[in-house]
Amino acid sequence: MVIIALDEGGSVGFVERSQAERRDRRRDAPPPRRPVVDVTAGVAIAIVLVFVAPAALRLVTPGVVLVPGSAAPAAGTVDPTPQLGPEYPPLPADSRYPSRVLPPVRTAATGDHAYIGTRPDGSPIAFDPCRPVHFVINQDEVPDAGGQLVRAAMAEISAATGLAFVDDGATSERISEDREPVQPVRYGERWAPVLVDWVDDAEITAPGEELFGVTFPHVIAPTGTASARYVTGSVGLNRAWFAHALGDPAEAAVARGVLLHELGHLVGLDHVKDPAQVMHATSDTVGLADGDRAGLAAVGAGACHADT
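Written out as C-alpha cells, the structure reads:
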C-alpha cells in the first residue's frame, strides 16, 4: 500500500507501507478510518493502526523496567542548521543533537517485522533519537494500575529501541483524529507530547465492534520524504476492556501484550504474518519476540534532526 501526500509545491511524495492484515479471528476489523493530514506542514502524513486481541493469550510475567523521570534531559550541542518556517516549533531545549540521548540498541535478534513507512533509502520512518519522546496520560477514569502499566510498557519499548521516553504527567486532553501536533496553550511551543488516553468503545469503533486499542502516529516530512520522521502521536486504550483485564490476574499479561502492540505501532512497526510476534494483528504473544526486537532496534536507530 502507498500513502500519498502533497507537498506545498503540489508534487507527490510516496511513503511505502506494508500491507497489514486487518481481520480478527472472531470478527471483521472496522472500516478504514479517515487519515489525519497536518496541512501546516510541507508534507505530513498521519497513519491509523488498530489492534483487536484474541480472547485468550498465554500468561507471562511482565518485565519491570523503570521509565525515565519527568525531568527533561539536559540540553546538548545544537547544530546551527536553519530552522523551518513559523508553523514548525523550534528545536527543543532537551535535544542532544548531534548525539543520541540513549545508546543505540545492538541486537542479534532476527525475525518477522515490518515498518509502517520507509524513507527513500529504505530506512524506517522513526522518532528522532537525539531528543526524548515526551508523553502524557489522561487520567480520567483510568483503570486501576493503568498508569503503572503504561509507564512499564513505555520503559520496555525504550529499552528495546534506545529511545528515551519522558513522562510529562497528567493531561485533560482527549484523543482525536484531528489532534493538533502543536498546542502552545496546553504544552508550549513544541511538538505536543504523545497522548495516551482511556476511551470508550464508541470513541474508537463502529457500532457492534470492539477494539482494544487504536494508534495515531503523526509524521512530518518538511523537505520531502527523505526528511520524514515521527514527532508525536496518540494511543487510545479501551477503558472498559483494560479495567476488566487488569482486574483478572489471568488476563493482566494480555493487557500488557496489547499495549506493547500499540506502542510498537507508535514508534513505527506495522503488522506481521508471524503469530509468534507481538506485532501480529491477532497475536497470542504477550511479550516481545525476536522479530519485534529486531524491528524496534531498527526504528530506534533513526536520523537526528536540527530543523525543528
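Mind the numbering: the sequence shown is residues 182 to 489 in this note's numbering, read in order. All C-beta atoms, glycine included, are put in the ideal place defined by N, C-alpha and C. It should be emphasised that the depicted structure is a prediction, and the values quoted were computed from it without experimental measurement.
Worksheet item: Whose CA, out of E443, S353, K454 and V480, lies closest to the CA of L330?
Response: E443
Worksheet entry | Extent of the continuous beta strand (DSSP E) run through Y411 | R410 to N419
Worksheet item: Alpha carbon to alpha carbon, what distance is there between D381 and T299?
Response: 32 Å
Worksheet item: Who does G405 pair with in a DSSP beta bridge?
Response: P403
Discussion item. Assuming contact is defined by CB atoms lying nearer than 8 Å, are F316 and D349 in contact in what I supplied?
Written reply: yes
Worksheet entry | Close-in-space but distant-in-sequence residues of the same chain around N419 (CB under 6 Å, 5 per side omitted) | F393
Fill in: Counted within 10 angstroms of its Cβ, other Cβ atoms place S464 as buried (16 or more) or exposed
buried
Worksheet item: Looking at the unbroken beta strand (DSSP E) that takes in H315, where does it start and where does it end?
Response: V314 to N319
Practice prompt. State buried or exposed for T404, treating a residue as buried only when at least 16 other CB atoms are found within 10 Å of its CB.
Written response: exposed
Worksheet item: Buried or exposed: which applies to R360, given that a residue is buried once 16 or more other Cβ atoms fall within 10 Å of its Cβ?
Response: buried
Item to complete: With a cut-off of 8 Å on the beta carbons, I'd call R332 and S276 a contact; round off their distance for me.
Response: Not really, about 23 Å apart at Cβ, beyond 8 Å.
Fill in: Of the listed residues H425, I306 and G343, nearest to P398 (C-alpha basis)
I306
Fill in: Sequence-distant residues of the same chain with beta carbon closer than 7 Å to P267, five excluded per side
none
Practice prompt. Note down the Cα distance separating A334 from G328, rounded to an integer number of angstroms.
Written response: 10 Å
Worksheet item: From G468 to Y269, what distance separates their C-alpha atoms?
Response: 37 Å
Worksheet item: With distances taken from CA atoms, which of A426, V435, C485 and A475 is nearest P146?
Response: Because residue 146 is not part of the residues shown, which for the chain are 182 to 489, the question remains open.
Fill in: DSSP beta-bridge partners of W422
Paired residue(s): none; W422 is not in a bridge.
Worksheet item: Taking the C-alpha atoms as reference points, what is the distance between P261 and E384?
Response: At P261, the pLDDT of 43 sits below 50, so the modelled position is not reliable; the number obtained from the coordinates is stated separately. Their Cα atoms are separated by approximately 43 Å.
Worksheet item: CB-CB under 7 Å to A252, same chain, minus the five flanking residues each way: which ones, in chain order?
Response: Residue confidence is low: A252 scores 36 on pLDDT, short of 50, so the model does not pin down where it sits. Its coordinate-derived value is still stated next. Within the same chain, A252 has no close Cβ partners at all.
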